[in-house]
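Chains as they are written, first to last, in this note's numbering: chain A, 1 to 295; chain B, 1001 to 1627. No residue lacks a Cβ here, since even glycine has one placed at the ideal position from N, Cα and C. Quick caveat: nothing in here was measured; it's all calculated off a predicted structure. All remarks here apply to the structure that follows.
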Amino acid sequence: MSPEPATAMSPALATPARPPRKPMPLQLKAGLAITGTILLLGLLAPWIAPHPWDTISMRTRFLAPNATYWFGTDEYGRDVLSRLLMGARLSIGMGVAATLVSLAIGVPMGLAAGYFRGWIDEALMRLADVLMAIPPIMLGLLVLAVTPPALWKTAVAVGFVYIPPIARLARSVTLTLASEDFIQAAKARAESTSYILFREILPNAWPPLIVEASLRVTYAILLGSALSFLGLGAQPPSSDWGLMISEARSFLDRAPWIALAPGFAMCLLVIGINLLGDGARERLDPRLKARLGKA
Amino acid sequence: MLVIDDLTVRYRTAGGEIEALSSVTLEARKGATLALVGESGSGKSTIALAAMGLLPAEAMVPSGRILFDGADILTMKAEARRQLRGSRIGLVFQDPFSVLNPSLRIGDQVGEGLVHHRGFTTERAFARAIELLDEVGIVKPESVAKAYPHELSGGMRQRALIAGALASEPELLILDEPTTALDVTIEAQILDLLEDLRIKRGLTMLFISHNLGVVRRIADEVAVLYAGQIVEQGATEEVLQRPVHPYTKGLLAAIPRIGRRMGRLAAIPGRLPDLRNPPSGCRFAPRCPFATADSANPQSLLAVGARMVRCSSAEALRDTPWPVQHETVPAATAAAPTASAPVVEVENLTKSFVLSRGALHWEGWRPVRDAVRIKPVDGISLTIAPGEVVGLVGESGSGKTTLGRTILRLIEADSGLIRIAGETVSDKPQSALEAMRRTAQIVFQNPDSSLNPRKTIRELLGRPIARFGLAPKAEIPARVDALLDLVRLPAHYADRYAHQMSGGEKQRVGIARALATEPTFIVCDEPVSALDVSVQAAIVNLLADLRDRLGVAYLFISHDISVVAHLADRVAVMHHGKMVEIGPADRIMNAPSHPYTIKLLSAVPRVDGPPLARGGVTAARNRGVMV
């Protein structure tokens, strides 16, 4: 045996292990803070809400924000802040559920299309095109028009709307990854197709998918709220943000705070989740990290 | 012509400041060729960028001057620098495939500089471009000028780029690895062309390369860079034949030579120092077998004869060679075993791809397409004995990689017989290849692409063992450690990810993974082509050791004939999908019979053998013998 390797690989000279961790990107911190706060407030809503969210009280109708009712009251005298807190659960839950639906269907679709190519690719992607050709609101209407509206149905409908972008992204990532040599290496030890798809390709496809999914959560919240606004989601008296805006619409001139509060809340949540997604990408992509580390 | 004086360049990066160049002083004399050689990380490309005034924004130049004809490029206004680049300095980049704009005609791109810097009209520039294309040896320059880049081969593109660099009649030509992306025969032509141009136009050339053989063919003077410093500088023939600095000695000893088989190559242990905080003493000392106590002190360039060497013991080391193990090739492997049955038998293997579906035309009333097909593997027959290394050489597009992967059924053959370890595998469905997948494995060229970046080394190496049930679950970590030991990586590497290792270390993991299934045959698909010379030597040695210890047979695919000549028992030469010649390595290297083999061998740039007259390739080819 030649003497070279002994010295070559002596620990002193070998590559230093993991370089010192990079500090957390600012956007990830901000995103975590905003989203975390909203999520926490939503979760704790029943306990921290200052007033009952669904008790009608005619004496306190249309009160402007004041010391007792921080965000004012609505046309039935209900506390806007309490309703907002309760509504956070519905809106976030709906957005996340919808995104999970589109991930659960879109990711396997994209993986299969990108890996097998050929007619499977054509069939799956044309299917996605068909889905995409239907305007999102129309698709929501279709699902919800034939059955009585419910929030979970809104979530599924919104989830279906966002299958195509997820599937397309998963497909394009898979196309690149499938040409990498580690896939050939897996084939050279006769790995099953499902192993290659879910154990070799999927872990590498996650970073862009997570970023995309986090964007989709925000879109899903917005679209779900739009559907609720149209009366196709949560039903009164529940306090879904979209529904709150819809109900407050007629009093926009007299009591703008009823509509503005859920509007601002949604805005803040969307910004928070977007920051979270961007920050997560910076953190999650090992190649990106290696590049930044070495450069 | 070009004087670089005490140049230091630092890059700001996320991980800290990196000193890419430390007080480099160089002079390119008028009408001569100065070559900069070094491995990755040596700073050679930074010199080129600095000389062009093209340093990226994160670069800082704390000290130094770059004088072009007396004017300092670094302090010049951006506009003046741009004028200089377009008129008096010409640039040729490494990759002819990405430098040309795919949507502009060749003639327009070659003449572009004339329009911008000399105020030519587009028509006049185009006409001049045709003359230039003719000058760089392009046949039918009129039609090439009207072609788009994708219609040209790599060699033609590089000629077009050289023509573009010459358009403004520059005095200095900076070439950054101009032939690295090209095949050897094309490389030889381009080098001849550059030499002709230098003589005809009196050009000064700054030639950057990692390939010492290429440098020998083109340069008058060579500067060897290591970790941002010049370690040795002098006349090319002097430096390459009688290196003084230990690094130069090691680098030259690590290069496999055709026709001089050694047991093992000399490898340089260790790695580049951390350039964020370069050592004050000799930067090569930790890897240097000659290091003395004095190595810890700052080293300056000393004159040794007519050259400069950065080593305080240079005078003493002048004639001491790099310590090489002159191990004789073990007899068992030197003669290819003949008694046992071959581990791989391939008969009449053919694979063709549809290149394009062809133009639509009418045959009677029916629309038909005549598909354009290529046959990267065309009727190949080959046997490999147990423990034998068969080298497969050929230029890009000759079908080497396709052949390797077709044998392993990673690409399905059109026809032909494949037998691995006595089992006919060519007629079985993929699902019935379990046994063959264990006995035959593959090592890939690019370790970045062949290791899943999301898995630790333990997972990467453990998976094949678990997949084939070669060891109970509890024993897998021990097996992984044993594999790491086999490829001489420390056991604590098991918890690392691929991106936490260097190129050579990654390639070792790739080899360990192939060995995990205890195969008897491994296809090595250009396993050392992506590595630096000193690392390449270590990997080649490792492969040779493993063959001797484990009796594994290799199909060793490489475009680098010297590496193949060093490692292989037999050599097969491929050309356009056909195997033009196969025979014992010594015979192929010393007495090739097929004209293509002769052409290929004569084009290989070498660091040994009698000094070639400039433009010697052509001369050698004319004589039809090897030099």
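By DSSP's criteria, residue i is part of a beta bridge. Which residues make up the other side?
| i | result |
| --- | --- |
| Gln1233 (chain B) | B:Ala1223 and B:Met1308 |
| His1575 (chain B) | B:Lys1578 |
| Met1060 (chain B) | B:Arg1010 |
| Arg1570 (chain B) | B:Val1390 and B:Pro1584 |
| Met1205 (chain B) | B:Thr1033 and B:Leu1173 |
| Cys1282 (chain B) | Partner(s): none; Cys1282 (chain B) has no beta bridge. |
| Thr1424 (chain B) | B:Arg1419 |
| Ala1303 (chain B) | B:Met1308 |
| Glu1027 (chain B) | B:Val1003 |
| Val1368 (chain B) | B:His1361 |
Can you give the Cα-Cα distance for residue i and residue j, rounded to whole angstroms?
| i | j | result |
| --- | --- | --- |
| Lys1030 (chain B) | Ile1199 (chain B) | 12 angstroms |
| Gly1616 (chain B) | Ala1071 (chain B) | Note that Gly1616 (chain B) scores 43 on pLDDT, short of 50, meaning its location in the model is unreliable and no value can be drawn from it. |
| Thr218 (chain A) | Val80 (chain A) | 22 angstroms |
| Met1626 (chain B) | Arg1217 (chain B) | Note on Met1626 (chain B): pLDDT 37, under 50, position unreliable in the model; no value is reported. |
| Arg171 (chain A) | Leu41 (chain A) | 37 angstroms |
| Ser1356 (chain B) | Ala1254 (chain B) | 43 angstroms |
| Leu63 (chain A) | Ala104 (chain A) | 45 angstroms |
| Val130 (chain A) | Arg1369 (chain B) | 31 angstroms |
| Thr1401 (chain B) | Asp1525 (chain B) | 6 angstroms |
| Phe264 (chain A) | Ile271 (chain A) | 11 angstroms |
| Glu1123 (chain B) | Pro1096 (chain B) | 25 angstroms |
| Gly279 (chain A) | Gly95 (chain A) | 20 angstroms |
| Lys1599 (chain B) | Ala1219 (chain B) | 23 angstroms |
| Leu1172 (chain B) | Ala1050 (chain B) | 14 angstroms |
| Val1003 (chain B) | Thr1248 (chain B) | 23 angstroms |
| Ile1230 (chain B) | Ala1223 (chain B) | 6 angstroms |
| Ala188 (chain A) | Arg1437 (chain B) | 6 angstroms |
| Gln27 (chain A) | Lys1455 (chain B) | 27 angstroms |
| Phe116 (chain A) | Ser228 (chain A) | 39 angstroms |
| Ala1332 (chain B) | Gly1551 (chain B) | With a pLDDT of only 43 at Ala1332 (chain B), under the threshold of 50, the placement of this residue in the model should not be trusted; the figure read from the coordinates follows. Their backbone Cα atoms lie some 10 angstroms apart in a straight line. |
| Gly1103 (chain B) | Tyr1554 (chain B) | What sits at residue 1103 (chain B) in the sequence shown is Ser, not Gly. Roughly 43 angstroms between the two C-alpha positions. |
| Ile137 (chain A) | Pro149 (chain A) | 14 angstroms |
| Ala1032 (chain B) | Phe1093 (chain B) | 20 angstroms |
| Val107 (chain A) | Glu200 (chain A) | 14 angstroms |
| Leu169 (chain A) | Leu209 (chain A) | 7 angstroms |
| Tyr1497 (chain B) | Phe182 (chain A) | 14 angstroms |
Can you round the beta-carbon distance between residue i and residue j to whole angstroms, since I take them to be within the 8 angstroms contact cut?
| i | j | result |
| --- | --- | --- |
| Leu1543 (chain B) | Leu1567 (chain B) | 7 angstroms |
| His1117 (chain B) | Ser1168 (chain B) | 6 angstroms |
| Val1563 (chain B) | Val1540 (chain B) | 6 angstroms |
| Gly1399 (chain B) | Thr1350 (chain B) | Gly1399 (chain B) to Thr1350 (chain B), Cβ: 10 angstroms. No contact. |
| Val211 (chain A) | Gly114 (chain A) | Wrong, their Cβ atoms sit about 18 angstroms apart, outside the cutoff. |
| Ile1411 (chain B) | Arg1419 (chain B) | No, Ile1411 (chain B) and Arg1419 (chain B) are not in contact; Cβ-Cβ is about 17 angstroms, not under 8 angstroms. |
| Ile34 (chain A) | Leu275 (chain A) | 7 angstroms |
| Leu1408 (chain B) | Ile1442 (chain B) | 6 angstroms |
| Leu1483 (chain B) | Leu1461 (chain B) | 5 angstroms |
| Ser1295 (chain B) | Asn1348 (chain B) | About 60 angstroms; that fails the 8 angstroms criterion. |
Please list the terminal residues of the continuous beta strand (DSSP E) segment that includes residue i.
| i | result |
| --- | --- |
| Tyr69 (chain A) | It is not in any beta strand (DSSP E) - Tyr69 (chain A) carries neither H nor E in the DSSP assignment. |
| Thr1517 (chain B) | Where Thr1517 (chain B) is concerned, there is no enclosing beta strand (DSSP E), given that its DSSP letter is neither H nor E. |
| Ser1352 (chain B) | Val1344 to Ser1356 |
| Arg1373 (chain B) | Val1372 to Ile1384 |
Which residue marks the beginning of the alpha helix (DSSP H) containing residue i, and which one marks its end?
| i | result |
| --- | --- |
| His1361 (chain B) | Per DSSP, His1361 (chain B) belongs to no alpha helix (DSSP H); it is in the beta strand (DSSP E), Leu1360 to Glu1363. |
| Tyr115 (chain A) | Val80 to Phe116 |
| Pro1323 (chain B) | No alpha helix (DSSP H) holds Pro1323 (chain B); DSSP gives it neither H nor E. |
| Val211 (chain A) | Leu202 to Phe229 |
| Pro314 (chain A) | Here chain A comprises residues numbered 1 to 295, so residue 314 (chain A) is not present and cannot be evaluated. |
| Ile1457 (chain B) | Ile1457 to Arg1467 |
| Gln1500 (chain B) | Segment: none, Gln1500 (chain B) is in no alpha helix (DSSP H) and carries neither H nor E. |
Exercise. Name the residues in the stretch 1442-1455 of chain B whose C-beta lies less than 7 angstroms from a C-beta of chain A; which are they?
Worked result: Ile1442, Phe1444, Asn1446, Ser1449, Ser1450, Leu1451, Asn1452, Pro1453 and Arg1454
Exercise. Taking a cut of 9 angstroms between CB atoms, which residues from the stretch 1431-1442 of chain B lie near chain A?
Worked result: Ser1431, Leu1433, Glu1434, Met1436, Arg1437, Arg1438, Ala1440, Gln1441 and Ile1442
Exercise. If contact means a Cβ-Cβ distance below 7 angstroms, which residues of the stretch 195-229 of chain A contact chain B?
Worked result: Glu200, Pro203 and Asn204
Problem set entry | Against chain B: residues of the stretch 171-192 of chain A by CB proximity under 8 angstroms | Glu180, Asp181, Phe182, Gln184, Ala185, Lys187, Ala188, Arg189, Ala190 and Glu191
For this session: Note down, in chain order, all residues in the stretch 1386-1409 of chain B with a beta-carbon under 7 angstroms from any beta-carbon belonging to chain E.
Result: Of the protein chains in this structure, namely A and B, none is chain E.
For this session: Compile a chain-ordered list of the residues in the stretch 1466-1489 of chain B whose CB is closer than 9 angstroms to at least one CB of chain A.
Result: Arg1467, Phe1468, Val1487, Arg1488 and Leu1489
Problem set entry | Where the stretch 1159-1171 of chain B meets chain A: residues whose CB sits under 7 angstroms from a CB there | none
Problem set entry | Against chain A: residues of the stretch 1218-1252 of chain B by CB proximity under 7 angstroms | none
For this session: With 7 angstroms as the C-beta to C-beta threshold (strictly closer), list the residues of the stretch 1551-1580 of chain B near chain A in chain order.
Result: none
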